[in-house]
Amino acid sequence: ESKNKIKNLKSRYLNACDDQDPDKAMNCFASGKIIIDMGHVGFFETRESFAELYKSAGCHDYIMDLHHGSNPEIKVIDDNAKGLWGLNYRNINLLNKTATLISAFYYDQYKRIDNEWKIVSSITEYKSALHLDYSEDVLKTIIADKSTAGSVK
């Protein structure tokens, strides 16, 4: 039962990101001090600071995202749990005419708080990234590497 609730929590988070709903995404995390380490994207110690970046960077009509979490490995110990998730991420930026494809792992920690599971730590490890420009109606590779660090703002 706890594993299913954690899977639903992570799905709710990923769907909220795609729906550009930073408040719903933020509420998947525990209040107070937490860890969200997204590498070059940013390091956050509160869910509110994460939501602020998400609002300014990801919540625009010209941004289309897909966050697809898969292959969960979840281990529950009492009121704590650890999870490993695969991430398949796609971004189309209609303003800059770019497309980005990323694969990554999420290393999550969860805590049951008032009988509800919350994310208390999420660390992203990037595995592959392909950032493309389609401004001239031809796909041009901007970067093909383990992450888009330095090429995507």
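For the sequence shown, the numbering used here assigns the number 130 to the initial residue and increments by one for each residue that follows.
For every residue, glycine included, the Cβ atom is placed at its ideal position computed from N, Cα and C.
Per-residue DSSP class, three states only, for residue i
i: L261; result: strand
Under 9 angstroms between C-beta atoms of residue i and residue j
i: A258; j: T227; result: no
i: K256; j: A273; result: no
i: G198; j: L182; result: no
i: D237; j: L213; result: yes
i: L230; j: L268; result: no
i: D266; j: L223; result: no
i: K132; j: I203; result: yes
For residue i, the residue or residues it bridges with in DSSP
i: G198; result: L216
i: A273; result: L259
i: I203; result: G212
i: I192; result: N222
Review point. Can you list, in chain order, the stretches of the alpha helix (DSSP H) that have 4 or more residues and sit fully within the segment 147 to 183?
Key: 151 to 155
Point to revise | In chain order, each beta strand (DSSP E) run of at least 3 residues that lies wholly inside the segment 205 to 252 | key: 209 to 222 and 227 to 242
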